[in-house]
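FYI, in my numbering the residues of the sequence shown are 587 to 1000.
Just so it is clear, CB atoms sit at the ideal spot from N, CA and C, and this is done for glycine as well.
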Amino acid sequence: MPELFTVVSPDDAFERLRAVLAPVVRVESVPLERAIGRTLAREIVASEPLPPFTRSAMDGYAVCARETHGASESSPVYLRLEGEALMGTLPAFALAAGTCARIHTGAALPRGADAVVMVEETNLLESGDVEVLTAVASGEDVIQAAEDLAPGDLAFAAGHHLRPIDVGGLAALGVVEVPVAARPRVAVISTGDELVPPDVRPRPGEIRDVNGALICAMLGQAGADVRHYGIVEDDEQRLFAAAAAALAESDALVVTAGSSVSARDNTARALGRLGEPGILLHGIDVKPGKPTIVACAAGRPVFGLPGNPVSAAVLCWRLVVPAVRLMLGETIPAGGLGAAACTARLTQNVPSRSGREDYVPVTLVRGADGTLGAQPTFAKSNLIFSLLRCDGLLRVPRDAGGLRAGEMAEVYPW
């Protein structure tokens, strides 16, 4: 087992885990309406053109573009109205020279037409002719068949996390049963002699188990199938037995609390016995959350998170959530941290030690000039409501040595 608190960076911690992590390869099919938030297990390739026919992007008149050459308000072009292109059917007629057809947005163009003149640029005369007041180019206000996707085009890559807009794309392709990665089964165990379940009134010296519910909620939102295995006493053998039983029917394990180096710390020893390669690290150069354990047992990730709720939440977000998404087959950037949601101007100095990555809760405020500002909240890591009241986490990079008021900083949503 590595020496305790030989700390590494959060990026290095995640990459050490990535190197030994076995992806979950179970695939299941879900109805389209239940696919939001799931991860595609296979690529989706277009089997038909999208759109399937050339159609109008505007209300107006379908024309052959060359028939409108030179048209203007002072010198209109006159075309005979041949018919109307109706919605939901292909026109049975074709445009002859000198003719046009009334058309609505989304309707198929008749044969012989290659452009649409907007209705605002025309006049329908009593004679039935159409006065065209502007010239149009071929393809103008027209959506070509297969302009969105052609047969054989890649619509979605495997590992794509499905959003509501993606469900619309799948519907357009006729995909009603979606192949998705099965949710990784993640076991969560809370440890601590002082903990009681949330539905129990604590006696003096006891506290409710916040982390169990918090971590389960975060990982469920990330796409895991989460099960809380309850509270285990601060005893190495009992923790090992509970952890081994939970991991035997799970793809990953998270243990909250018990990861600080103290006389009663048995977490690292218990987790190190679960399987090879065992403890990958104990100690991450991050604030909050330094006493975090990362281990692996036969390709299954094991985490020991700090007991303070803010620390546990930050490290769950920083390491465990991207690990779950990696197990789902999603593409996770190096270090596990994606792009910041936004940047905001700091309203006050944020001190930090060089070489350590810090995460500070912030409230976002909009200044009179429209600039987004970040107001840090310097709260203790055991105060859960300090995190609830913030809008996100401000990141202080490892090499920054702190940030000054007025600097632009990365903010991640909470």
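Please state whether the Cβ-Cβ distance between Gly1009 and Leu932 is less than 8 Å.
The structure shown does not extend to residue 1009, since the chain is modelled only from 587 to 1000, so the question has no answer here.
So, with DSSP's three-state summary, where would you put Glu835?
Correct three-state label for Glu835: coil.
In the DSSP assignment, the beta strand (DSSP E) including Pro863 goes from what residue to what residue?
Per DSSP, Pro863 belongs to the beta strand (DSSP E) from Pro863 to His868.
How should Met913 be labelled, buried or exposed, when 16 other C-beta atoms within 10 angstroms of its C-beta is the threshold for buried?
By the 10 Å Cβ count, Met913 comes out buried.
Going by the CB atoms, is the gap between Ala965 and Ala995 shorter than 8 Å?
No; because the gap between Cβ atoms is not below 8 Å, this pair is not in contact.
Indicate whether the contact test is met: 3 or more Cβ pairs, each with one atom in the segment 851-865 and one in the segment 874-894, closer than 8 Å.
Verdict: yes, contact present.
Tell whether a beta-carbon distance below 8 Å holds between Pro696 and Ala648.
In contact: Pro696 and Ala648 (Cβ atoms closer than 8 Å).
State the DSSP-derived secondary structure class of Ile751, mapped to helix, strand or coil.
Helix, per DSSP.
Only counting the same chain, and skipping five residues up and downstream in sequence, which positions put a Cβ closer than 7 Å to that of Glu589?
Here the model assigns Glu589 a pLDDT of 45, short of 50, so the residue's position is not dependable and the matter cannot be decided.
Let's test the definition: count the other Cβ atoms within 10 Å of the Cβ of Glu835 and tell me whether it reaches 16, buried, or not, exposed.
Glu835 comes out exposed.
In the structure shown, what three-state DSSP assignment does Asp820 receive?
Three-state result, Asp820: coil.
Give me whichever residues DSSP pairs with Lys873 in a beta bridge.
DSSP output for Lys873 lists Asp944 as bridge partner(s).
To the nearest angstrom, how far is it from the Cα of Ala881 to the Cα of Ala828?
If I take the Cα positions, the gap works out to 16 Å.
What do you reckon, are the CB atoms on Arg605 and Leu867 nearer than 8 Å?
Reading off the sequence, residue 605 comes out as Ala, not Arg. Going by C-beta atoms, Ala605 is not nearer than 8 Å to Leu867.
Taking the beta strand (DSSP E) that Ile879 falls in, what are its first and last residues?
First-last of the beta strand (DSSP E) with Ile879: Ile879 to Ala883.
When DSSP builds the beta bridges, which residues end up paired with Ile689?
In the DSSP output, where bridge partners are listed per residue, Ile689 has Gly646 and Ala671.
Under a Cβ-count criterion, where at least 16 other Cβ atoms within 10 Å of its own Cβ denotes burial, should Leu665 be classed as buried or exposed?
By the neighbour-count rule (16 or more Cβ atoms within 10 Å), Leu665 is buried.
Excluding the five sequence neighbours on either side, which residues of its own chain have a C-beta within less than 6 Å of the C-beta of Asp739, listed in chain order?
Result list for Asp739: Ala632, in chain order.
Beta-carbon within less than 6 Å of Ala732's beta-carbon, same chain only, minus the 5 sequence neighbours each way: which residues are those?
Around Ala732: Pro635.
Suppose the cutoff is 6 Å on Cβ atoms and the five residues either side in sequence are ignored; what does the same chain contact list for Leu781 look like?
Only Asp795 and Ile817 meet the Cβ criterion.
Rounded to whole angstroms, how far is the Cβ of Val872 from the Cβ of Val812, which I believe are closer than 8 Å?
Rounded, the Cβ-Cβ distance is 24 Å, inconsistent with contact.
How would you write the range of the beta strand (DSSP E) that Cys976 sits in, first residue to last?
Note, Cys976: premise wrong, no beta strand (DSSP E); not H, not E.
Name the DSSP beta bridge partners of Pro962, please?
DSSP, once it has assigned bridges, lists Val948 as partnering Pro962.
Is the distance from the Cβ of Val716 to the Cβ of Leu681 below 8 Å?
Cβ atoms of Val716 and Leu681: not closer than 8 Å.
Could you work out which residue in Leu800, Asp779 and Pro783 is closest to Gly791 when comparing CA atoms only?
The residue with the shortest Cα to Cα distance from Gly791 is Asp779.
From what residue to what residue does the beta strand (DSSP E) around Arg911 run?
Per DSSP, Arg911 belongs to no beta strand (DSSP E); it is in the alpha helix (DSSP H), Val907 to Met913.
Could you tell me whether the Cβ of Ala920 comes closer than 8 Å to any Cβ of chain C?
Absent from the structure is chain C; it holds one protein chain and no more.
Less than 7 Å between C-beta atoms, sequence neighbours within five positions excluded: which residues of the same chain meet that for Ala694?
Excluding residues within five positions, the ones whose Cβ falls inside 7 Å are Phe639, Thr640, Arg641, Ala671, Leu676 and Pro677.
Could you check what DSSP says for Ile775 in three-state terms: helix, strand or coil?
If DSSP states are grouped into helix, strand and coil, Ile775 belongs with the strands.
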